[in-house]
Amino acid sequence: MLRAALLTILLVAFEGHGVMARSKPGPTVIIVGAGMSGISAAKTLSEAGIKNLLILEATGRIGGRIHKTEFAGVNVETGASWVEGVNGQELNPIWNLARKLKLRTFFSDFENISANVYQQVNGLYDATVVQAALDRAVNVSKAAAVFSEALPPSGLEDISVLTFQRLQKHVPSTALDMVIDYSNHDGEFGEPPRVTSLQNTEPIPTFTNFGEDLYQVADPRGYESVVHELAHQFLGFDAKGTITDPRIKLNKVVNRIEYSRSGVIVETEDGSTYKSDYVMVSTSIGVLQTSLIKFEPDLPTWKILAIYQFSMAVYTRIFLKFPYKFWPSGNGTEYFLYASDRRGYYPIWQHVEYEYPGSNILIVTVSDEESRRIEQQPDSTTKDETMEVLRNMFGENIPEPTDILVPRWWSNRFYRGTYSNWPIGVSRYEFDQIRAPVGRVYFTGEHTSQPYSGYVHGAYLAGIDSALMMVGCIKYGSCDVQIEPKA
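Take the sequence shown: its letters are residues -21 to -1, 1 to 466, numbered as in mature numbering (1 follows the signal peptide of the UniProt record, and there is no 0).
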């Protein structure tokens, strides 16, 4: 009896000093981030039999840059908003998930844009003038695709989109040409043609493989319900559908990853420490370019240089609520452009009367430097600027908005932007380096999907791809990832 009592006391004492905690097996894999790629990777690992997982998410929700926000009585998408690449020869996996969930989606029709382009002042352009400008841009784009496909696959002879425009003697300089150019390029990639790779955007693999149609998500459950659907396939949840699995921890901001040949140690800002055999980092490339997460030892130079060369774009959709509708409605009016002499100044507009009937909401899209500028100013200033533009289009007697929502993805330290853009100068060699693991530290995210970087389906497929690399290492000892030579 005495020996048993002493043993109990000793066990309690050792447990208080962490001995018992160390003797318990830790998770085989820690996943940093519960966005699309992190959840996709975790699901793939679980299906491969690696179920001893721990997901650490910096925010209080899963979904990452797919995020619904309540605005003016409806749930709007402040991050990813479309399923891009539909009705082609291959089935977009995100479209498949959206159909399975019966998400409310709406076809985005840009066919009548020639009748909906506004001058800086003096109302609409003549539709025939706009159509001629659109046709010029389309012809340059077709020529760019032919030129791009003739370039060596190494990417060493890649040029920027703007360089090719110069070769074609078509450098957009008028207000009309600039807004069309912005809609075609910045509106898709979040950055201007002067920094965007030609070889990796002409043609766009997403549309070549999956189809050219786009469907906007406008569902009360939010686009993020696609991520929840994946999570429900391997994490425990209660009768209400709320995830209760202890293998995912929210509000855990990872700020240090120590790695060695024997394992990894992950620390969070609240002082918690977690040990594991491997770690999968699914944060955005924008976060990797900051000092939020300290790697010990430092990542090798080849890895750091590859990360720093890539671009993190900023794409901002600003929401404005009005007391009543004053813009044209009906078929062929949903999207309209504002052609300012200042390129990228509140250029792309959309009413959402189909998606949110009776909401009286307008959305205006900006990107890159305009996004950064707007994020740093008061919303009241942004409201005044948008109203000046709207009055130039629709006259002085339009009402003031009753509410405004300005997402701030660039300012958010957990994202530092919206999605990656493949810039000129980054070849497939650097891309392979971005996705390659460093010892027991693996990386995933839309920025690691070579054909689909920047897209939701890219994040989903990247999670699977990175997880399978890890499975190969854990189960079969295939831990060396081959990187094609630069030449």
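Built from N, CA and C at the ideal position, the CB exists for glycine as well. None of these values were measured; they are calculated from a predicted model.
Practice task
May I ask whether a heavy atom of the ligand MN can be found less than 7 Å away from the beta carbon of A77?
Solution key: In the structure shown, the ligand MN is absent, as is every other ligand, since no ligand is present at all.
Handout entry: Exposure label - Y303; buried when at least 16 CB within 10 Å
Key = Classification for Y303: exposed.
Handout entry: Local conformation of T247 per DSSP, three classes
Key = DSSP, reduced to helix, strand and coil, places T247 within a strand of the structure shown.
Handout entry: Backbone CA spacing between F410 and S133 [nearest angstrom]
Key = Those two C-alpha atoms are separated by around 11 Å.
Exercise for the section: Would you please verify whether the beta carbon of S359 is less than 8 Å from any beta carbon of chain B? Expected result: Annotation note: the requested chain B is absent from the structure, which comprises a single protein chain.
Practice task
Evaluate the contact criterion for the segment 25 to 42 versus the segment 226 to 233: three or more CB pairs, one atom per stretch, below 8 Å.
Solution key: The segment 25 to 42 vs the segment 226 to 233: in contact.
Problem - Meets three-Cβ-pair contact criterion under 8 Å: the segment 217 to 224 and the segment 88 to 100 - result: Touching, no.
Problem - Reduced DSSP category for L80 - H, G, I as helix; E, B as strand; rest coil - result: Under the three-state reduction of DSSP, L80 is assigned to helix.
Problem - Where R226 sits in the DSSP three-state scheme - result: Three-state result, R226: coil.
Exercise for the section: Return the first residue and the last residue of the alpha helix (DSSP H) that D320 is part of. Expected result: No alpha helix (DSSP H) holds D320; DSSP gives it neither H nor E.
Practice task
Specify whether the segment 417 to 428 and the segment 152 to 166 touch according to this definition: at least 3 beta carbon pairs, one from each stretch, less than 8 Å apart.
Solution key: Taking a contact to require three or more Cβ pairs closer than 8 Å, the segment 417 to 428 and the segment 152 to 166 do not qualify as touching.
Practice task
Figure out for me which residue from L440, V345, H436 and G418 has the closest Cα to the Cα of C458.
Solution key: The shortest C-alpha separation from C458 is found at G418.
Exercise for the section: Consult DSSP for Y439 and reduce its assignment to one of helix, strand or coil. Expected result: The answer is helix: DSSP assigns Y439 an H, G or I state.
Handout entry: Own chain, CB closer than 7 Å to W74, minus 5 neighbours either side, in chain order
Key = Beyond the five residues adjoining it in sequence on each side, W74 comes within less than 7 Å, by CB distance, of V62 and V65 in the same chain, given in chain order.
Problem - 8 Å contact criterion, which D256 and G265 should meet: CB distance rounded - result: Distance from D256 to G265 at the Cβ level is roughly 28 Å; contact not present, criterion being Cβ atoms closer than 8 Å.
Exercise for the section: Indicate the three-state DSSP secondary structure (helix, strand or coil) for D192 in the structure shown. Expected result: D192 sits in a strand when the DSSP states are folded into three classes.
Exercise for the section: Give the range of the beta strand (DSSP E) segment to which T295 is assigned. Expected result: In the DSSP annotation of this structure, the continuous segment of the beta strand (DSSP E) that includes T295 starts and ends at Y294 to K300.
Handout entry: contact_flag[the segment 276 to 283, the segment 31 to 38] where n(CB pairs < 8 Å) is 3 or more
Key = They do not touch, by the three-pair rule.
Handout entry: Local conformation of R351 per DSSP, three classes
Key = Per DSSP, reduced to three states, the secondary structure at R351 is helical.
Exercise for the section: Confirm, please, whether the CB-CB distance from R392 to L278 is below 8 Å. Expected result: R392 sits away from L278, with the two beta carbons spaced by 8 Å or more.
Problem - Entirely enclosed alpha helix (DSSP H) segments - the segment 128 to 213, minimum 4 residues - result: The alpha helix (DSSP H) runs of length 4 or more contained entirely in the segment 128 to 213 are, from start to end of the chain, 140 to 146, 154 to 160, 184 to 189 and 204 to 211.
Handout entry: Bridge partner(s) assigned by DSSP for K47
Key = K47 is bridged to E56.
Handout entry: Spatially closest choice to E26 from I443, P131 and T48, by CA coordinates
Key = The shortest Cα separation from E26 among I443, P131 and T48 belongs to I443.
Practice task
Go ahead and pull the three-state DSSP assignment for V460.
Solution key: The answer is coil: DSSP assigns V460 none of H, G, I, E or B.
Practice task
Report all residues from its chain with a CB closer than 8 Å to the CB of A292; omit the five preceding and five following residues, and keep chain order.
Solution key: F168, G169, E170, S346, D347, G396, T397, Y398, S399, N400 and G433, listed in sequence order.
Handout entry: Distance between V11 and Y421 (C-alpha atoms, nearest Å)
Key = Y421 and V11: Cα-Cα distance of roughly 10 Å.
Problem - Length of the line joining the Cα atoms of S390 and E354 - result: Distance between S390 and E354, taken at the CA atoms: about 7 Å.
Handout entry: Per-residue DSSP class, three states only, for L70
Key = Correct three-state label for L70: coil.
Exercise for the section: Within the segment 364 to 393, note down every full beta strand (DSSP E) run reaching 3 residues or more, in order along the chain. Expected result: The qualifying runs are 382 to 384.
Practice task
In the DSSP assignment, find the beta strand (DSSP E) that holds R235 and state where it starts and stops.
Solution key: Per DSSP, the continuous beta strand (DSSP E) segment holding R235 begins and ends at V233 to S239.
Exercise for the section: Hey, could you find the ends of the alpha helix (DSSP H) Q288 is sitting in? Expected result: For Q288, the enclosing alpha helix (DSSP H) starts and ends at T280 to Q288.
Practice task
Using 10 angstroms around the beta-carbon of A111, count the other beta-carbons present and answer buried if the total reaches 16, otherwise exposed.
Solution key: Classification for A111: exposed.
Handout entry: Chain-order list of residues whose beta-carbon lies under 6 Å from that of K231 (same chain, five-residue window excluded)
Key = Result list for K231: L35 and T247, in chain order.
Handout entry: K30, DSSP secondary structure in three states
Key = When DSSP states are grouped into helix, strand and coil, K30 belongs to the coil group.
Exercise for the section: Evaluate contact between the segment 182 to 197 and the segment 299 to 315, counting only Cβ atoms and requiring at least three cross-stretch pairs below 8 Å. Expected result: Using a Cβ-Cβ distance cut-off of 8 Å, the segment 182 to 197 and the segment 299 to 315 are not in contact, since fewer than three pairs of beta carbons, one from each stretch, lie closer than that value.
Exercise for the section: Please determine, among G58, V450, G456 and Y455, the residue with the shortest C-alpha to C-alpha distance to V8. Expected result: Residue V450 holds the alpha-carbon nearest to the alpha-carbon of V8 among G58, V450, G456 and Y455.
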